[in-house]
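**Student:** Have a look at the structure that comes next, please.
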Amino acid sequence: MADNLPVYIDGGFRQSASTESIPVTNPATQGVLVHAPQTTMAEIDQAVAAAKAAFAEWRQVPAPERARLLMLYQAKLKEEQDAIAEIICQETGKVFADAQGDVWRGIEVVEQACNIPSLMMGETAENVARGIDTYSYIQPLGVCVGITPFNFPAMIPLWMFPLAIAAGNTFILKPSEQDPMTPNRLVELFYECGFPKDILQIVHGGKDQVNALIEHKDTKAISFVGSVPVGQHVYRLGTQNLKRVQCMAGAKNHLVIMPDADKDQVISGLVGASCGAAGQRCMAISAAVFVGEAQAWIPDVAEAMSAVHPGAWNQDGAGYGPQISVAATQRIKSYIAKGKEEGATCVLDGSEATVEGFPDGNWVGPTLFSDVTPEMSIYTDEIFGPVLVGLNVDTLDDALDLINDCPFGNGVSIFTSSGGAARKFQLEVEVGQVGVNIPIPVPLPFFSFTGWKDSFYGDQHAYGKQAVRFYTETKTITSRWFSSEPATGPNMTIALK
Ligand code: NAD
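178 is the number that numbering that gives the first Met the number 0 gives to position 179 of the sequence shown; each next residue is one higher, with no gaps.
Next up, the structure:
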């Protein structure tokens with residue numbers, strides 16, 4: 000039987016006292032790699048208490064010193080990028096280059112966190128009234144919590160704890176139970192850089208552990224990334240418990256193909272953005288909106304998609320890896336069957352895909368539907384697999400109406416050679432992250448990751464300046480220093496005099 004993965008609670012890594020655990024499997028083989036313990040409620044309490052105690056000292060460490068430690072962490076992650084990617088390959092099945100990208104996009108956030116001294120500068124105004132100055136400081140909140148999904152086990156934890164910790168908070172991470180080995184390695188490497196103990200802790204488990212962390216009286220802010228139903232639950236529970244909450248949730252991302260677009264660029268963009276990472280990206284393109292004459296390109300898109308094949312992490316020529324679980328694979332296949340029943344045309348069907356040498360893997364081949372209409376469940380629901388649904392519209396206005404009616408608003412893209420069309424689109428589309436001739440417009444970390452509508456609950460988004468605001472509080476000081484002039488008597492008004 001595979002071992003239990005350690006937790007980091009109160010002073011170091013250790014085995015959880017829990018007798019319950021969740022198997023972590025390699026999705027290309029179903030081999031059990033390790034078990035994720037269901038951290039006990041007493042251990043959750045201990046983790047929060049230790050993080051609270053560590054906060055008292057960590058918040059006093061000057062921001063430049065905190066930044067210097069983060070610089071060491073950034074360098075360590077770069078050194079270890081390939082080794083971390085190998086762990087990702089094992090527990091998610093991602094192909095190696097994609098796993099390297101998962102680590103890299105997290106490293107970029109650590110780089111941004113190294114700027115914390117300037118990101119935490121407040122404002123000043125002199126002489127706001129006679130002899131009176133006002134200035135503000137940005138201060139940390141306390142114990143922050145991160146709850147992360149399976150699809151980017153390095154990048155998404157790194158969206159959260161480096162910035163929260165750089166800002167002077169302490170942090171408890173509850174990663175996905177489907178791929179917790181990568182986050183454990185991130186925490187091990189963190190402590191190899193000399194950070195003081197307990198400022199970052201990691202607990203494992205599922206919904207009970209999430210709920211306990213949210214409801215705990217000493218946690219201050221909850222950062223969540225995952226599906227819409229869980230995001231809604233976390234947002235409601237968090238706000239009911241008067242926590243600061245940000246929930247980055249699910250998606251259905253459209254790519255609009257104007258007839259004046261560069262056809263080859265469109266096809267490459269669609270194939271990579273719909274099938275890359277087995278369609279398990281929150282910014283994957285899952286709906287292609289063909290405008291007017293661009294509808295004639297659907298057979299070319301199908302041909303290009305059919306040239307891409309899933310495969311195991313160690314196989315040459317694998318375009319992408321398996322789905323994360325047997326349940327996810329069954330769910331995707333049931334949507335493919337539903338799409339056919341609902342009357343869409345299945346131009347390319349990946350539901351029978353197999354991979355030589357890996358008979359037990361969670362394989363789904365590239366799948367393309369055309370003639371999809373907005374009420375079909377393959378359009379309304381997030382499928383989270385390599386399934387692209389094609390819708391036909393006559394004009395750019397029709398494309399905008401379709402997208403603006405969709406409840407999700409994570410990412411969207413337009414391919415066109417018309418600046419006017421692109422500008423109208425970026426102005427009018429009700430989606431938080433827009434690509435112009437870019438299929439997956441994930442912002443670099445000096446911006447923030449800004450999904451809208453049902454793709455986000457909260458107000459301050461992930462990473463960038465918004466995350467610094469999310470993990471901090473502003474304190475505003477109004478001060479007067481007396482010189483030699485005599486006291487003027489009591490001021491009986493609210494005005495500064
Ligand atoms: P998920 O919602 O199933 O799980 C996310 C986290 O919530 C995990 O840590 C899990 O243990 C926990 N959880 C699961 N059920 C819970 C419950 N009932 N109560 C409390 N906690 C619970 O998501 P997933 O399948 O791991 O990840 C895929 C989803 O994440 C997709 O919907 C994808 O679009 C979304 N996602 C969104 C973004 C974004 O930035 N908007 C980024 C990545 C992934």
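Every residue gets a Cβ at the ideal spot worked out from N, C-alpha and C, and that includes glycine.
If distances are taken between C-alpha atoms only, which option among Ile146, Ser285, Gly360 and Ala295 comes closest to Ile323?
**Tutor:** Considering only alpha carbons, the answer is Gly360.
**Student:** Once DSSP output is grouped into helix, strand and coil, what is the label at Met70?
**Tutor:** Here Met70 sits in helix by DSSP.
**Student:** Ser135 and Lys496: beta carbons closer than 8 Å?
**Tutor:** No.
**Student:** Do Asp178 and Val23 come within 8 Å of each other at the CB atom, strictly closer than that value?
**Tutor:** Yes, these two residues count as a Cβ contact at 8 Å.
**Student:** Looking at the strands, I want to know which residues DSSP matches up with Lys452.
**Tutor:** Note: Lys452 sits in a beta bridge opposite Phe407.
**Student:** With which residues is Ala124 paired in a DSSP beta bridge?
**Tutor:** Ala124 pairs with Thr133.
**Student:** Which value, in whole angstroms, describes the spacing of the CA atoms of Asp207 and Gly463?
**Tutor:** Between Asp207 and Gly463, the C-alpha separation is close to 30 Å.
**Student:** Counting only runs that start and end within the region 173-228, where is the beta strand (DSSP E) found for 3 or more residues in a row?
**Tutor:** Correct list: 199-201 and 218-224.
**Student:** Bridge partners for Ser478 per DSSP, in chain order?
**Tutor:** Note: Ser478 sits in a beta bridge opposite Asp132.
**Student:** How close, in whole Å, do the beta carbons of Val47 and Ile171 come, if the pair is a contact with beta carbons under 8 Å?
**Tutor:** Confirmed, Cβ separation roughly 7 Å.
**Student:** First and last residue of the beta strand (DSSP E) that includes Tyr462?
**Tutor:** Careful: Tyr462 lies outside any beta strand (DSSP E) and carries neither H nor E.
**Student:** Are three or more beta carbon pairs between the region 302-320 and the region 264-276 nearer than 8 Å?
**Tutor:** Contact holds: three or more Cβ-Cβ distances are below 8 Å.
**Student:** Does the distance from the C-beta atom of Val255 to that of Ser416 stay below 8 Å?
**Tutor:** No, the Cβ-Cβ distance between Val255 and Ser416 is not below 8 Å.
**Student:** Going by DSSP, name the residue or residues bridged to Thr169.
**Tutor:** For Thr169, which the question treats as bridged, DSSP gives the partners Val142.
**Student:** Is the region 440-450 close to the region 233-240, with three or more CB pairs under 8 Å?
**Tutor:** Segments in contact, no.
**Student:** Look up Phe12 in the DSSP assignment and give the residues it is bridged to.
**Tutor:** DSSP lists Tyr7 as partners of Phe12.
**Student:** Using 10 angstroms around the beta-carbon of Ala250, count the other beta-carbons present and answer buried if the total reaches 16, otherwise exposed.
**Tutor:** By the neighbour-count rule (16 or more Cβ atoms within 10 Å), Ala250 is buried.
**Student:** Find the nearest neighbour of Thr379 within the set Gly450, Glu64 and Pro406, judged by alpha-carbon distance.
**Tutor:** Among Gly450, Glu64 and Pro406, the Cα nearest to that of Thr379 is on Pro406.
**Student:** Rounding to the nearest angstrom, what Cα-Cα distance links Gly457 and Ser482 in this structure?
**Tutor:** When rounded, the distance between both Cα atoms is 47 Å.
**Student:** CB Thr39 to CB His203, shorter than 8 Å?
**Tutor:** No.
**Student:** Report the rounded CA-to-CA distance for Tyr72 versus Glu79, giving the unit in angstroms.
**Tutor:** Rounded to whole angstroms, Tyr72 to Glu79 spans 10 Å at the Cα level.
**Student:** Under a Cβ-count criterion, where at least 16 other Cβ atoms within 10 Å of its own Cβ denotes burial, should Ser350 be classed as buried or exposed?
**Tutor:** By the neighbour-count rule (16 or more Cβ atoms within 10 Å), Ser350 is buried.
**Student:** Please report the straight-line C-alpha distance between Ala283 and Leu69, rounded to a whole angstrom.
**Tutor:** So the two alpha carbons sit approximately 30 Å from each other.
**Student:** Could you tell me whether the Cβ of Ala287 comes closer than 8 Å to any Cβ of chain C?
**Tutor:** Structure shown: chain C not included; a single protein chain is present.
**Student:** If I follow the unbroken beta strand (DSSP E) through Thr24, where does it start and stop?
**Tutor:** Per DSSP, Thr24 belongs to the beta strand (DSSP E) from Ser20 to Thr24.
**Student:** Hey, would you say the C-beta of Cys281 is under 7 Å away from at least one heavy atom of the ligand NAD?
**Tutor:** At least one heavy atom of the ligand NAD is nearer than 7 Å to the Cβ of Cys281, so yes.
**Student:** Cβ of Ala166 within 8 Å of Cβ of Met119?
**Tutor:** Yes, the Cβ-Cβ distance between Ala166 and Met119 is below 8 Å.
**Student:** Got a sec? Which residues, its chain only, sit under 6 Å from Met154 by beta carbon, not counting five neighbours each side?
**Tutor:** Asp101, Arg104 and Gly105.
**Student:** Sort Gln111, Cys113, Ala74 and Ile137 by Cα distance to Thr471 and report the nearest one.
**Tutor:** Of Gln111, Cys113, Ala74 and Ile137, the residue nearest in Cα terms is Ile137.
**Student:** With distances taken from CA atoms, which of Leu199, Lys452 and Asn436 is nearest Phe54?
**Tutor:** For the residues Leu199, Lys452 and Asn436, the minimum Cα distance to Phe54 belongs to Leu199.
**Student:** Beta-carbon within less than 6 Å of Leu497's beta-carbon, same chain only, minus the 5 sequence neighbours each way: which residues are those?
**Tutor:** The shown model of the chain, from 0 to 496, leaves out residue 497, and the question about it has no answer.
**Student:** Restricting to Cα atoms, I'd like to know which of Glu42, Glu381 and Arg184 is closest to Pro228.
**Tutor:** The shortest Cα separation from Pro228 among Glu42, Glu381 and Arg184 belongs to Glu381.
**Student:** Which value, in whole angstroms, describes the spacing of the CA atoms of Asp97 and Val325?
**Tutor:** Looking at the two C-alpha atoms, the distance is approximately 21 Å.
**Student:** DSSP state of Pro373, grouped into three classes?
**Tutor:** Residue state, collapsed to three classes: coil.
**Student:** Starting from Ile331, follow the alpha helix (DSSP H) in both directions and report where the run begins and ends.
**Tutor:** Here the alpha helix (DSSP H) through Ile331 covers Val325 to Glu340.
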